[in-house]
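Step one of this worksheet: look at the structure below.
In the working numbering, the protein residues as written are 31 to 98.
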């Protein structure tokens with residue numbers, strides 16, 4: 031699973047970023063479930079997704095802070 035770069039994320043609109051965030055959080059939940067069942071072969075994908083989620087949340091927080 032390829033990591034999203036912060037530069038790429040900055041070019042997205044707020045709605046697109048929130049959509050990707052929701053999708054990524056759903057994917058982490060799904061991957062954790064697969065890990066529990068022993069069906070996940072690459073457990074590092076969870077770590078990559080969590081870092082992407084942190085990047086997205088940081089960008090969203092920056093945008094709301096700058097808007098005020």
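We put the beta carbon where it would ideally sit given N, CA and C, even for glycine. Computed from a predicted model, the values in this text were never measured in an experiment.
query                                                                                                                                    : result
What three-state label does DSSP hand residue 89 in the structure shown?                                                                 : helix
Taking the alpha carbon of residue 73 as the point to measure from, which residue in 57, 88, 87 and 85 has its own alpha carbon closest? : 57
Count the other CB atoms within 10 Å of the CB of residue 82; is the residue buried (16 or more) or exposed (fewer)?                     : buried
Report the rounded CA-to-CA distance for residue 13 versus residue 76, giving the unit in angstroms.                                     : In the structure as shown, the chain begins at 31 and stops at 98. Residue 13 is therefore absent and cannot be evaluated.
Rounded to whole angstroms, what's the CA-CA distance from residue 92 to residue 60? Just pull it up for me.                             : 28 angstroms
First and last residue of the alpha helix (DSSP H) that includes residue 34?                                                             : Per DSSP, residue 34 belongs to no alpha helix (DSSP H) and is neither H nor E.
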